[in-house]
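Structure first, then comments.
Protein chains: 2
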Amino acid sequence: MSKGLPKRSEDYSLWYNELVKRADLAENAPVRGCMIIKPYGYSIWEKMQAVLDKKFKDTGHSNAYFPLFIPKSYLSKEAAHVDGFAKECAVVTHYRLKNDENGKGIVVDPEAKLDEELIIRPTSETVIWNTYKTWVQSYRDLPLLINQWANVVRWEMRTRLFLRTTEFLWQEGHTAHATKQEAIEETEQMINVYAEFAQNYMAMPVHKGIKSANERFAGAEETYCIEALMQDGKALQAGTSHFLGQNFAKAFDVKFAAKEGGLDYVWGTSWGVSTRLMGALIMAHSDDEGLVLPPLLAPIQVVIVPIFKTAEQLDQIDEKLKPVIAALKAKDISVKFDHSDKYSPGFKFAEYELKGIPLRIAIGARDLENGTVELARRDTKEKTTVPQEGLVDRIENLLKEIQENIYKKALAYREANTLIADDYATFKKMLDETPGFILAHWDGTSETEEKIKEETKATIRCIPLDVKSEAGVCMVTGKPSAQRVLFARAY
Amino acid sequence: MSKGLPKRSEDYSLWYNELVKRADLAENAPVRGCMIIKPYGYSIWEKMQAVLDKKFKDTGHSNAYFPLFIPKSYLSKEAAHVDGFAKECAVVTHYRLKNDENGKGIVVDPEAKLDEELIIRPTSETVIWNTYKTWVQSYRDLPLLINQWANVVRWEMRTRLFLRTTEFLWQEGHTAHATKQEAIEETEQMINVYAEFAQNYMAMPVHKGIKSANERFAGAEETYCIEALMQDGKALQAGTSHFLGQNFAKAFDVKFAAKEGGLDYVWGTSWGVSTRLMGALIMAHSDDEGLVLPPLLAPIQVVIVPIFKTAEQLDQIDEKLKPVIAALKAKDISVKFDHSDKYSPGFKFAEYELKGIPLRIAIGARDLENGTVELARRDTKEKTTVPQEGLVDRIENLLKEIQENIYKKALAYREANTLIADDYATFKKMLDETPGFILAHWDGTSETEEKIKEETKATIRCIPLDVKSEAGVCMVTGKPSAQRVLFARAY
Numbered sequence: 024m025s026k027g028l029p030k031r032s033e034d035y036s037l038w039y040n041e042l043v044k045r046a047d048l049a050e051n052a053p054v055r056g057c058m059i060i061k062p063y064g065y066s067i068w069e070k071m072q073a074v075l076d077k078k079f080k081d082t083g084h085s086n087a088y089f090p091l092f093i094p095k096s097y098l099s100k101e102a103a104h105v106d107g108f109a110k111e112c113a114v115v116t117h118y119r120l121k122n123d124e125n126g127k128g129i130v131v132d133p134e135a136k137l138d139e140e141l142i143i144r145p146t147s148e149t150v151i152w153n154t155y156k157t158w159v160q161s162y163r164d165l166p167l168l169i170n171q172w173a174n175v176v177r178w179e180m181r182t183r184l185f186l187r188t189t190e191f192l193w194q195e196g197h198t199a200h201a202t203k204q205e206a207i208e209e210t211e212q213m214i215n216v217y218a219e220f221a222q223n224y225m226a227m228p229v230h231k232g233i234k235s236a237n238e239r240f241a242g243a244e245e246t247y248c249i250e251a252l253m254q255d256g257k258a259l260q261a262g263t264s265h266f267l268g269q270n271f272a273k274a275f276d277v278k279f280a281a282k283e284g285g286l287d288y289v290w291g292t293s294w295g296v297s298t299r300l301m302g303a304l305i306m307a308h309s310d311d312e313g314l315v316l317p318p319l320l321a322p323i324q325v326v327i328v329p330i331f332k333t334a335e336q337l338d339q340i341d342e343k344l345k346p347v348i349a350a351l352k353a354k355d356i357s358v359k360f361d362h363s364d365k366y367s368p369g370f371k372f373a374e375y376e377l378k379g380i381p382l383r384i385a386i387g388a389r390d391l392e393n394g395t396v397e398l399a400r401r402d403t404k405e406k407t408t409v410p411q412e413g414l415v416d417r418i419e420n421l422l423k424e425i426q427e428n429i430y431k432k433a434l435a436y437r438e439a440n441t442l443i444a445d446d447y448a449t450f451k452k453m454l455d456e457t458p459g460f461i462l463a464h465w466d467g468t469s470e471t472e473e474k475i476k477e478e479t480k481a482t483i484r485c486i487p488l489d490v491k492s493e494a495g496v497c498m499v500t501g502k503p504s505a506q507r508v509l510f511a512r513a514y
Numbered sequence: 024m025s026k027g028l029p030k031r032s033e034d035y036s037l038w039y040n041e042l043v044k045r046a047d048l049a050e051n052a053p054v055r056g057c058m059i060i061k062p063y064g065y066s067i068w069e070k071m072q073a074v075l076d077k078k079f080k081d082t083g084h085s086n087a088y089f090p091l092f093i094p095k096s097y098l099s100k101e102a103a104h105v106d107g108f109a110k111e112c113a114v115v116t117h118y119r120l121k122n123d124e125n126g127k128g129i130v131v132d133p134e135a136k137l138d139e140e141l142i143i144r145p146t147s148e149t150v151i152w153n154t155y156k157t158w159v160q161s162y163r164d165l166p167l168l169i170n171q172w173a174n175v176v177r178w179e180m181r182t183r184l185f186l187r188t189t190e191f192l193w194q195e196g197h198t199a200h201a202t203k204q205e206a207i208e209e210t211e212q213m214i215n216v217y218a219e220f221a222q223n224y225m226a227m228p229v230h231k232g233i234k235s236a237n238e239r240f241a242g243a244e245e246t247y248c249i250e251a252l253m254q255d256g257k258a259l260q261a262g263t264s265h266f267l268g269q270n271f272a273k274a275f276d277v278k279f280a281a282k283e284g285g286l287d288y289v290w291g292t293s294w295g296v297s298t299r300l301m302g303a304l305i306m307a308h309s310d311d312e313g314l315v316l317p318p319l320l321a322p323i324q325v326v327i328v329p330i331f332k333t334a335e336q337l338d339q340i341d342e343k344l345k346p347v348i349a350a351l352k353a354k355d356i357s358v359k360f361d362h363s364d365k366y367s368p369g370f371k372f373a374e375y376e377l378k379g380i381p382l383r384i385a386i387g388a389r390d391l392e393n394g395t396v397e398l399a400r401r402d403t404k405e406k407t408t409v410p411q412e413g414l415v416d417r418i419e420n421l422l423k424e425i426q427e428n429i430y431k432k433a434l435a436y437r438e439a440n441t442l443i444a445d446d447y448a449t450f451k452k453m454l455d456e457t458p459g460f461i462l463a464h465w466d467g468t469s470e471t472e473e474k475i476k477e478e479t480k481a482t483i484r485c486i487p488l489d490v491k492s493e494a495g496v497c498m499v500t501g502k503p504s505a506q507r508v509l510f511a512r513a514y
């Protein structure tokens, strides 16, 4: 029941947490910072996975699986990488428990201490590049285009369901190429795949851009990202694609014999999106009544709630709707006919609203007489009574319309909340009074970036690739700037 | 290249290990006992997952995700469970690394010690039943029919790729029911799902049965299993389904308000199959030239190797085959047209034989003239020259025939290697001279079972459900026996 869901305008953060729990998406696990993804939440993640997995395969990638454990020494092999990832991670030190001699239950067996501690992967570059060393000998073995779907662990101090959890699910692509150019093209191709997915499936507009040196992946030469705007005016990084140069090839000695002769280091990329996308999806569209799901990612696109008093009435409704349900399924439209008598129609309406089912059909005795049904859109909350005739086509069209409408609404919100600041005072004022993206000039130095972050909590989300270049002067230092960059406070 | 693959008859174990590596299925990871599943191996696992996942959903189950980490204290809550699983497991004791003060690289930060150690899940009953406690209040919340695809870790001493690895991938179903009867039906339904999958997709005959008390899952009241026979006469447990009674409900205090009033403990089941199935698939069918894959699980069902000298010839072949390839794809038959000039046709033939592609088509200049192609079956190694006309239908039929033939061959092998022993001396002789399944009478006691295991290394694989009951006397003790049970040495 949505009863009592907090309002976004009053406490956005509480609204989000409550929505995630009440819509049966996820909940906190007994281990601090970890989450349990509930069946309904997981079914949305499965829809995302299916679309992304197909896109990866269509662009030539194969899935594989690399181990959960990384020997501690591996992390140190790439200098920048170890600084970025070695800090907060789960460390396996022992491999056995035993009964305590003093009868205090089971304890860690001190004799089963590992010679070298194992790290639960925070990301898999090290173990994968260590493997690529044996997989790559010649240009014939390239490119290697590999992805894995896996769980990873980063011991985060502040966690929030989906947005930042100690363990999370993700995919990580790791590719190896014979030339720099090909690796850069791969990096760009994958950020485009993510952007298309965000826009066309999640109905979430994103800016594509390049991270500043400060925000770059530890071990990358360039990090591409997509950045979205949430309804509270905070930005969310939704996916990244890294051009690794030859950094990991050098750290793990991965060389190949070129077609023209000679040995050279391989060029690498890595790219990933995670269950964080679930958080983005929820926050981008949902309202005070609950989730709003774009039809292309909704596990149930249409729910039918019969309103009946007798078993006979239900039979009549059932008979009337059987061909409609069959026709919807034939069009790959997922439909749930909820004829359970465990709950009242009113309870069901609220429940399906909370869960973001894009279209609800209600049908009762009067509808049977009139040859009609009541259609309710989740996105606009419009209700209309429509003839049963032509219902299937109407539903199909409406689902497309809802998908587009949700995107347009999010885009309009982003446009309205992307402002331009030419001086630092205005910039600060905007952050507090009209939070959103701010396009401003920056002198390109880490010092200025850090000063802004410290003073305002806003970070450079990216140097956007999709915003027109325009020279100017840094709002803080007055030094020259080649283009405006995208600032925001961020998740 | 299959060159030098050891012969099964000479060293079955070495043959298996080499085949797994050379066919690009998997390899050992740098962490002892863990494996890297290579893209080709993983693509077979993905086929298995897709079929199983659909079967689970068709029987009403939903996927979810529970955390990797289990608090140490959880393991102890179910008395039998802790004895079975607490022994050999990976233990996380710390959550941070730091730079060593003496410059010895990174070390575990002693200040980041966890208050309670975390176990990497060896199986998830404890963390899931701890959650079910909050998910189940009333009969309305039942049944809970949940599955998860996940990685689990058991610190095995002796490991072999796919068959027994420290980390492996699996699915684990965990269901909760209002009645004992319903839970038993679920347990039986899922062992039937596994058996059908093994027989109809893996082309691997299995015996369904019940485990003896000794071999039962730690915490279960009854364990159902499927048992297959490998080509070396050793048995392999391929899947299990456990009726948990109210054991975990009691351990985690999971009660529900019945429709009729009153509180009762919930009844549970759990069931799983793992990447071990990959090992079973490989060992059940493959030969001295390499893998033999049943078409329904082959990532590539048909490979086309053009034999050409000039680009013009390749163009001609390409043009001739384009409609064939399109027609095969339209029938959902996966086909690879390998026109790469990196390798010779002979090299490719050996490579695809090693990788178990069910059907190979070769086409050269003479075939173009004659309107023919050469078809080679992987299972029988038959080669035939056939007309291009009607090729698509012929391929479709042949794939079905190959699927059936592989199953029949495995079934005939199993029949020939399932013997009956009436006395212990014969039993022992059979184990050494004609290894396989042995049906023998047993008095039903753990003592006798353990004596047999100790003296012969054979175990009771199951009390078969699909073998006719027939009373007799135990081959060891002479005590009465209600039916023969299935013995074998096993993986």
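These protein sequence lines are chains S and A, in that order.
With positions in the first sequence counted from 1, the corresponding number in this note's numbering is that position plus 23.
With positions in the second sequence counted from 1, the corresponding number in this note's numbering is that position plus 23.
Note that the Cβ used here is the ideal one computed from N, Cα and C, for glycine as well.
| message | Using a Cβ-Cβ cutoff of less than 8 Å, which residues in the same chain neighbour S:M24 once the five nearest sequence positions on both sides are dropped? | response | As a first step, residue 24 of chain S must be located in the first sequence, where it is residue number 1. Caution is warranted here: a pLDDT of 43 is assigned to S:M24, below 50, making its placement in the model unreliable, and no coordinate value can be reported.
| field | Secondary structure of S:A373, DSSP reduced to three states | value | On the first sequence, residue 373 of chain S is found 350 positions in, with the first residue counted as 1. Note: S:A373 maps to helix in three-state DSSP.
| query | Taking the alpha carbon of A:G196 as the point to measure from, which residue in A:H265, A:E33 and A:K273 has its own alpha carbon closest? | reply | Here residue 196 of chain A corresponds to residue number 173 of the second sequence, with the count starting at 1. Comparing Cα-Cα distances from A:G196 to each of A:H265, A:E33 and A:K273, the minimum goes to A:H265.
| field | A:A505 to S:M58 span [Cα, whole Å] | value | Here residue 505 of chain A refers to the residue found at position 482 of the second sequence. Here residue 58 of chain S refers to the residue found at position 35 of the first sequence. Annotation: A:A505 to S:M58 spans about 49 Å, alpha carbon to alpha carbon.
| For A:H308, does the three-state DSSP call read helix, strand or coil? | Against the second sequence, residue 308 of chain A aligns to sequence position 285. For A:H308, the secondary structure class from DSSP, reduced to helix, strand or coil, is helix.
| query | Between the region 52-69 of chain A and chain S, which residues of the former have CB atoms less than 9 Å from a CB of the latter, in chain order? | reply | Cβ contacts with chain S come from A52, P53, V54, C57, M58, I59, I60, K61, P62, Y63, G64, Y65, S66, W68 and E69.
| Per-residue DSSP class, three states only, for A:W294 | In the second sequence, counting from the first residue as 1, residue 294 of chain A sits at position 271. It is a strand residue.
| request: For my contact list, A:L165 and A:H200 are in at a C-beta cut-off of 8 Å; report their separation, rounded to the angstrom. | output: The residue labelled residue 165 of chain A in the question sits at position 142 within the second sequence. The residue labelled residue 200 of chain A in the question sits at position 177 within the second sequence. Between A:H200 and A:L165 the Cβ distance is about 6 Å, and since that is below 8 Å, they are a contact.
| In whole angstroms, what separates the C-alpha of S:E148 from that of S:S99? | As a working note, residue 148 of chain S is residue 125 in the first sequence. As a working note, residue 99 of chain S is residue 76 in the first sequence. Going by the C-alpha atoms only, they are around 12 Å apart.
| field | Spatial distance of S:E245 from S:A103 (CA atoms) | value | Counting from 1 along the first sequence, the entry for residue 245 of chain S is found at position 222. Counting from 1 along the first sequence, the entry for residue 103 of chain S is found at position 80. Using only the alpha carbons, I get a separation of about 13 Å.
| request: Might you give, ordered along the chain, the residues of its own chain that have their beta carbon closer than 6 Å to the beta carbon of A:R512, omitting 5 neighbours on each side? | output: Sequence index remark: in the second sequence, residue 512 of chain A carries index 489 (1-based). Excluding sequence neighbours, A:R512 sits near K257, K480 and A481.
| said: I need the DSSP call for A:K359, collapsed to helix, strand or coil. | reply: For this step, residue 359 of chain A is matched to residue 336 along the second sequence. In the three-state scheme derived from DSSP, where H, G and I count as helix and E and B as strand, A:K359 is classed as strand.
| Exposed unless 16 or more other CB atoms sit within 10 angstroms - verdict on A:E238 | For the purposes of this step, residue 238 of chain A is identified with residue 215 of the second sequence, where counting begins at 1. When all chains shown are included, A:E238 counts as buried.
| Which chain S residues are close to A:N86, counting only those with a beta carbon under 8 Å from its beta carbon? | If you number the second sequence from 1, residue 86 of chain A lands on position 63. Within 8 Å Cβ-Cβ: P62, Y65, S66 and E69.
| query | Do you know how far the Cα of A:K365 is from the Cα of S:D106? | reply | Translated into the one-based positions of the first sequence, residue 106 of chain S becomes position 83. Translated into the one-based positions of the second sequence, residue 365 of chain A becomes position 342. If I take the Cα positions, the gap works out to 41 Å.
| query | Looking at C-alpha atoms only, which residue of A:N122, A:L168, A:R437 and A:E427 is the closest neighbour of A:I151? | reply | Translated into positions along the second sequence, residue 151 of chain A becomes position 128. Minimum Cα distance to A:I151 is reached at A:L168.
| said: Please return the same chain residues whose Cβ sits closer than 7 Å to the Cβ of S:Q212, not counting the five positions on each side in sequence. | reply: Looking up residue 212 of chain S in the first sequence gives position 189. T82.
| request: Hey, could you find the ends of the beta strand (DSSP E) A:W193 is sitting in? | output: The count along the second sequence starts at 1 and reaches residue 193 of chain A at position 170. Counting along the chain, the beta strand (DSSP E) containing A:W193 begins and ends at E190 to H200.
| query | Which parts of the region 109-153 of chain A are runs of the beta strand (DSSP E), unbroken and 3 residues or longer, counting only runs that do not cross its ends? | reply | 114-117, 120-122, 129-131 and 136-143
| field | chain S residues whose Cβ lies nearer than 9 Å to that of A:V326 | value | Mapped onto the second sequence, residue 326 of chain A falls at position 303. Residues of chain S with a Cβ closer than 9 Å to the Cβ of A:V326 do not exist, since the nearest Cβ in that chain sits about 16 Å away.
| Can you give the Cα-Cα distance for S:F79 and S:N86, rounded to whole angstroms? | Residue numbering aside, residue 79 of chain S sits at position 56 when the first sequence is read from its first letter. Residue numbering aside, residue 86 of chain S sits at position 63 when the first sequence is read from its first letter. In this structure, the alpha-carbon of S:F79 lies about 9 Å from that of S:N86.
| Does A:Y118 have its Cβ less than 8 Å from a Cβ in chain S? | The count along the second sequence starts at 1 and reaches residue 118 of chain A at position 95. With respect to chain S, the C-beta atom of A:Y118 has a partner C-beta closer than 8 Å.
| said: So with CB distances below 8 Å, who are the chain S contacts of A:N153? | reply: On the second sequence, residue 153 of chain A is found 130 positions in, with the first residue counted as 1. Per Cβ cutoff of 8 Å: P53.
| query | Count the other CB atoms within 10 Å of the CB of A:H362; is the residue buried (16 or more) or exposed (fewer)? | reply | Here residue 362 of chain A corresponds to residue number 339 of the second sequence, with the count starting at 1. Exposed, because fewer than 16 other Cβ atoms sit within 10 Å of the Cβ of A:H362.
| By a C-beta neighbour count over all protein chains shown, 10 Å radius and 16 as the cutoff for buried, is S:D355 buried or exposed? | Translated into positions along the first sequence, residue 355 of chain S becomes position 332. Exposed is the call here.
| Can you find at least 3 beta carbon pairs, one from the region 114-127 of chain A and one from the region 63-77 of chain A, that sit closer than 8 Å? | Touching, no, given that fewer than three Cβ pairs across the two stretches are closer than 8 Å.
| message | Is it buried or exposed, A:S161, if we count other Cβ atoms within 10 angstroms and call 16 or more buried? | response | On the second sequence, residue 161 of chain A is found 138 positions in, with the first residue counted as 1. A:S161 should be labelled exposed.
| task | With a cut-off of 8 Å on the beta carbons, I'd call A:V328 and A:P368 a contact; round off their distance for me. | result | Counted from its first residue, the second sequence places residue 328 of chain A at position 305. Counted from its first residue, the second sequence places residue 368 of chain A at position 345. Their Cβ separation, rounded to whole angstroms, is 5 Å, which keeps A:V328 and A:P368 in contact under 8 Å.
| said: I'd like to check one pair, S:Y217 with S:I21: are the Cβ atoms closer than 8 Å? | reply: Here chain S has residues from 24 to 514 only, and residue 21 of chain S is not among them.
| said: Taking the straight line between their C-alpha atoms, what separation do you get for S:R389 and S:E342? | reply: Within the first sequence, the letter at position 366 stands for residue 389 of chain S. Within the first sequence, the letter at position 319 stands for residue 342 of chain S. Cα to Cα, the separation comes out at about 16 Å.
| Minimum Cβ-Cβ distance from A:P346 to chain S less than 8 Å | Position 323 of the second sequence holds residue 346 of chain A. The beta carbon of A:P346 does not come within 8 Å of any beta carbon belonging to chain S, so the residue lies off that interface.
| query | What span of residues does the alpha helix (DSSP H) with A:L442 cover, start to end? | reply | As a first step, residue 442 of chain A is located in the second sequence; it is residue number 419 there, counting from the start. Taken as a continuous stretch (DSSP letters only), A:L442 belongs to no alpha helix (DSSP H), being part of the beta strand (DSSP E) at T441 to I443.
| query | Roughly how many angstroms lie between the CA atoms of A:I142 and S:R299, to the nearest whole one? | reply | On the second sequence, residue 142 of chain A is found 119 positions in, with the first residue counted as 1. On the first sequence, residue 299 of chain S is found 276 positions in, with the first residue counted as 1. Answer to the nearest angstrom: the Cα atoms are 25 Å apart.
| request: Just tell me which of A:V499, A:V176, A:T154 and A:G285 has its CA closest to the CA of S:P62. | output: Position 39 of the first sequence, counted from the first residue, corresponds to residue 62 of chain S. From the listed residues A:V499, A:V176, A:T154 and A:G285, the smallest Cα separation to S:P62 is found for A:T154.
| field | the region 126-137 of chain S in contact with the region 182-194 of chain A per 3-pair CB rule at 8 Å | value | no
| query | For S:L75 versus S:F220, is the C-beta distance shorter than 8 Å? | reply | Residue numbering aside, residue 75 of chain S sits at position 52 when the first sequence is read from its first letter. Residue numbering aside, residue 220 of chain S sits at position 197 when the first sequence is read from its first letter. Yes, they are a contact pair.
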